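In full-length UniProt numbering, the protein residues as written are 1 to 1194.
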Amino acid sequence: MQLLELEFENFKSFKGHVTVPFGPGFTCITGPNGSGKSNITDAILFILGSRSTKLLRARRLNQLIFGFQEGKQSRSAAKHCRVSMVFDNSDRFLSIESDRVRFTKGVRLRGGKPATYYRLNGDTSSAGEFEALFSRAGLYATGYNIIQQGDVMQTSLMSGTERRRKLEDVAGITAYDQRLRKTRSAREHVGTDLTLLDERMREAQRLLRQLEREKRDAERLEAILQQLQENALQRKWRRVLDLEAELESRRGLIVRHEKELEELVGELEERQTAIGVLEDSYKKVEEEISDAGGDRARELQEQLDKARVEQALAQSNSESAGARLVELEASRRQLGDARKAAAAELKELRDALDAARAGTGELEAQVTTAASELTRLEASAADGSQEISGQRDALDALRQAAGELEMQRHRLEGEREQLERQLQLAREQLERSEQLLKAAREDSADADFQLQDLELGRKSAADNLRKVTAKHGKLVSELALAADRLERSEGELREAALALAAEEAATRARDEIGGYARAVQSILAARDTGELDGIVGTIAELGQVDEEHALALEVAAGARMQSVVVRDDSVAAEAIAFLKQHKLGRARFLPLNRLRRYRPGANALLLVKQSGAVNFAQELVRFDPRYADAFGNVFGDTVIMRSLDEARSYLGKGRMVTLAGELLEAGGAMVGGSPPRSGIHFGTGTRDNLDELVVRLGSAEARKLETSAAVLELREELAEVAQAKAALESECSTTQTRVTDFDEQATKSADGLLQAQQSFETRQGALTALEGELGEREAALADLQITITDHAGSVEQAATALQELTGGVAAERLVHLQAALGQQRESLSEARASVARFEAAEEPATGEEQRLASELEQNLAEQKEQQTLRRDERETARKLAREVKALKAEEDTKFRELKDLRDRRDRLRDELAEARTTLAQREEFGRGRRHATDELKIEVATREPKLVEARQRLPEKAEQPPKVGGSEQLEAQRETLEGQRGRLGNVNMLSLKHYRQEEERLARIREDRKQLRREVRRLEALEAKISARKLERFSEVYKHIDENFQSTFTELTGGGKAWLELEKPETVFDGGVSIKARMPRKRLFPVEALSGGEKSLVSMAFIFAIQRYDPSPFYLLDEPDQNLDGVNTEHIGRAIALQSAVAQFLVVSLHHAALREAAHVIGVFMADDGVSHLHQIHDVDRFIASLPTEEVAA
């Protein structure tokens, strides 16, 4: 595809018709500034579909018309303009079947207003068609293949985001953005619709909840009325069937009872004879036991028990006495040691007292002598002076008083020491009393515990005796009650047997009327008698159907209703052998372990979905899920249809049966007419009542046997309880004896505890009193000490005064005598204090020695008592041991003699009880049979008229239901239904219709919601898919353009380097694309930091990189080199020349280098009249030579 020529007519500065021829390769358009060069570019943009007149450098379309002036109307001015582009389309690059394609676009003025028109090869066209053809060819007015004046710098100066969007345009992923916007918009609309549907669904649900109760009541009332009608009919049939079954069963029972009574007469005579023989044998054994000493054995047992108890008691008393002797001996040794220590201490104390008294006497004599000498000297000194005499008398009085105080102090100290010793002794005695009290308490507690234990044993034995006595009376009562229960059980057994016979007769009657084949009847009879095990039943017995579908299902099953379901194939083989052996015919068996699982075929599945189809035959039968394979075998793919007309439409497509009983075979055959008269119906062979009666009869027999066994067990238990009662009476007597003995021991322990308690309290009181008295003595002694100190000071003052009065040598001697006398008196005081202490300690020591001697004597006396007790108890225990041994030997002998007799007696007693029970049962059985036969005959006579009356109450031509419940069940059902209807009250039956309408509406809303949710998920997936494709496409284009940009920039700059760089590699579409460039011999700079010329080179390299990736048929560049110097202009020119080998380039340029590189040069010049003219320049060098130099031009 190549642009051949461009035609103008009155376009901007070109007047009239102008043709611009374009050759292949590089065409350069040059001319002075303002000559109209860029108008050629504007013409191309105009026809390519520029939507903005600003790109055409005009405010309005009117300004594109040559000579148009705003606000002026000239007759010579043109009224239209037109531009045509002619392309060579021999390669069919444009999707038009023509070698040359002419695109024409023009503007006409109509009434002063511009109107645009389009022509394609002379035919009327439209802007849309132009745009579609140009876009498929890769030509756009704003595309990368057209660079207007100044756009080169803009490419460098654009932001990273704009540059990324430029690459998105090249990659063609703007369509993805549009699809994403549409998808997101659609998703928002769907979300709005979904919200609206949610609101509608909530409203529908609210209405349904309001109608739910009314709907339920209406449905319940409708079902209740239908069930009441069915119940009334079934109760009438139940009456007829009950009467028929009762008559048949009673007639059969009468015959059977009469035969049994004949056989029973001989049996009773034989049993009477056998009972007589057993009674004789039992009496003989009892006599032998009595002769062998049965009473003596019981007496021996009682004596043996009593002797064992007394022996154990004597042994226990002997052991207790021995333990007490050990304790007393240990106590005696301790008391002996303590008495010896106390006697030695008392002797030592008395010796010290004697020595202290002797020393005190000597000191008293010395003090008396010294005092006499002092008195003499003082008297001689006082002879010459009355004052000295008076002073001496006063001194003597003070000394006498001081002596008396000192004596009083010694006495108090002696008393205090004596009290301290008594207090110490009292504390020790209190401690011993406390230990004795503790031991007495333990002994008393032990005695009480043993007594309580024995009391509990006695009470337990008494309670057991009372319980056994009560049990004995209770067993007597229970035995009487058990006899009554036995009688009632036999009555229940008779009633159950009568009911079973009646039901069996009714069942046989139904089976005979039902029309089973002889072989099937024989198999069922063998099942009922237990001759054959594992027979489940026939298909007719096991299935229950609604009356509406009964006829269709019976026709669908046909003869297979008599198929017999068995547990497994071995049972089937056994049943077949049974039929062969008795020559009873043939039957069809369905072993459950071998049947294949039924699965409907494809044709049947399609047929059951058609209009008129009710369901698969198998689905309309109620049965135990265990027999599903058997019913699947019988019915197969049979489909139940409503009518013959609806079934005929699908004839030959499967096996069908209509509700009226017509059969349509899969092969196309049709069977119909009047309904078949088969007597076999679903549910006619139900065994529920029969099985229930069998269980009832078995339960009655079990209760009777259980009651009989209970009577025998009660009799045996009564004998055992009597023996236990005698044993417990003996135990109670023995226990009472032990209780009495231990009661005495407990009384003694209690008395000892009381004495120990009183002794402890007495000593505790004495200790308290001594502590109080000691406190008083210490207080008095403290007061006396103060008084003594005061008197000592007075004596000293008086002596000093006397010495001063006497004076001279006499005074010095008096001083010496007084000092010696004072020392002697202090020694005497200390000696007297020692005597007082010894005297105070002597009395307690004497009392302690006497106490220990008394306790030692008591200990020895108690040891003698315990030794005597232990000896006596040991002797008693030995005597009792010999007695127990003798009684045991006699008992063993008696036991061996009586054991065999007792065992034989027990066996005979059991046999006799069983025989008597059996006889009583058989006699009662005979009486019951005779009575039952009489009653049965009366009942037969009274029920025959009732049966006739019950049949007359049935509706005319009423068919018997396949299953009729019991009378009580039906009556209870009727009462329940009537009660339910009464409780419902007034019911709105229209609520059913309203509810179904709202339910359908809600179902439609839910389905719409599901679809909308699926649509949301689809749109989300589509959005993710589009985004992924968009990123993938962008990444691919970015990679190729970056590679092209690097190589192109290197070529243009002669060795420079530049590359593209994503601002946000992780989130490409959130950032832009920046350019990094390094000019030859310079540092790396971002494109924003380059000079104007360098930016132009970067822009051109970027443009050429895009062109290399996505070539266009032609490129239009308007002064791309306007900011470049000569060297770079040559680089640009050569690059364009190289690119022109694969594409057509139209370049507007003023640079000589570009003109020299161009293959074609067109000059544009403007005349003085303002009209642009074109000239084809063939000699470029000459043309350049005629021009001023570029420096001058610049």
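Every residue gets a Cβ at the ideal spot worked out from N, C-alpha and C, and that includes glycine.
Just so it is clear, the structure is predicted and the values come from calculations on it, not from any experiment.
Just how far apart, CA to CA, sit residue i and residue j?
{"i": "A132", "j": "Q148", "result": "23 Å"}
{"i": "A314", "j": "A881", "result": "10 Å"}
{"i": "I1177", "j": "N33", "result": "18 Å"}
{"i": "G775", "j": "G765", "result": "16 Å"}
{"i": "E914", "j": "R927", "result": "20 Å"}
{"i": "I224", "j": "L977", "result": "6 Å"}
{"i": "R181", "j": "R597", "result": "56 Å"}
{"i": "Q997", "j": "D198", "result": "18 Å"}
{"i": "P1120", "j": "V20", "result": "21 Å"}
{"i": "D783", "j": "A355", "result": "31 Å"}
{"i": "F26", "j": "L1012", "result": "58 Å"}
{"i": "N633", "j": "L553", "result": "14 Å"}
{"i": "F1183", "j": "A1154", "result": "13 Å"}
Could you tell me which of the options sits nearest to residue i, measuring between CA atoms?
{"i": "Q1107", "options": "T116, G25, N145", "result": "N145"}
{"i": "V285", "options": "S90, E248, R594, L908", "result": "L908"}
{"i": "R350", "options": "V835, G1093, E1020", "result": "V835"}
{"i": "E1000", "options": "L207, L109, K79, E364", "result": "L207"}
{"i": "Q1139", "options": "N1044, P1065, Q980", "result": "N1044"}
{"i": "K1076", "options": "V1098, I47, L1022", "result": "V1098"}
{"i": "E1051", "options": "R870, A1135, E1119", "result": "A1135"}
{"i": "P1086", "options": "V1148, E203, R1078", "result": "R1078"}
{"i": "V1180", "options": "K37, V1161, F1165, A1167", "result": "V1161"}
{"i": "K236", "options": "Q960, F1145, G1093, R1018", "result": "Q960"}
{"i": "R271", "options": "R922, F93, A602", "result": "R922"}
{"i": "L990", "options": "F66, G966, E222", "result": "E222"}
{"i": "G612", "options": "I640, M1166, L196, K993", "result": "I640"}
{"i": "V1147", "options": "S13, A342, P24", "result": "P24"}
{"i": "G537", "options": "V545, L1062, E531, R527", "result": "R527"}
{"i": "P1111", "options": "T124, I29, V170", "result": "V170"}
Do residue i and residue j have their C-beta atoms closer together than 8 Å?
{"i": "R82", "j": "E9", "result": "yes"}
{"i": "I539", "j": "A559", "result": "no"}
{"i": "A1089", "j": "F1049", "result": "no"}
{"i": "L48", "j": "L139", "result": "yes"}
{"i": "F87", "j": "F130", "result": "no"}
{"i": "V1037", "j": "R164", "result": "no"}
{"i": "L852", "j": "R332", "result": "no"}
{"i": "R518", "j": "L590", "result": "no"}
{"i": "V964", "j": "R238", "result": "yes"}
{"i": "A647", "j": "T658", "result": "yes"}
Check for me: the alpha helix (DSSP H) holding residue i runs from which residue to which?
{"i": "D1181", "result": "1180-1186"}
{"i": "G1126", "result": "1126-1139"}
{"i": "L1155", "result": "1152-1157"}
{"i": "T976", "result": "967-984"}
{"i": "V608", "result": "602-608"}
{"i": "V520", "result": "518-529"}
{"i": "V1164", "result": "Where V1164 is concerned, there is no enclosing alpha helix (DSSP H), although the beta strand (DSSP E) it sits in stretches over 1160-1166."}
Taking residue i as part of the beta strand (DSSP E), name the residues at either end of that continuous run.
{"i": "M1", "result": "Unbroken run through M1: none, as it is neither H nor E."}
{"i": "L590", "result": "589-591"}
{"i": "L120", "result": "113-120"}
{"i": "S1172", "result": "1172-1177"}
Look up residue i in the DSSP assignment and give the residues it is bridged to.
{"i": "K1076", "result": "W1059, P1086"}
{"i": "P21", "result": "E5"}
{"i": "G106", "result": "R82, Y117"}
{"i": "T658", "result": "M641"}
{"i": "F1114", "result": "Q1144"}
{"i": "F616", "result": "V639"}
So that I know if they touch, is there some Cβ in chain B lying closer than 8 Å to that of residue i?
{"i": "L1090", "result": "Looking at the structure shown, chain B is missing, and only one protein chain is on hand."}
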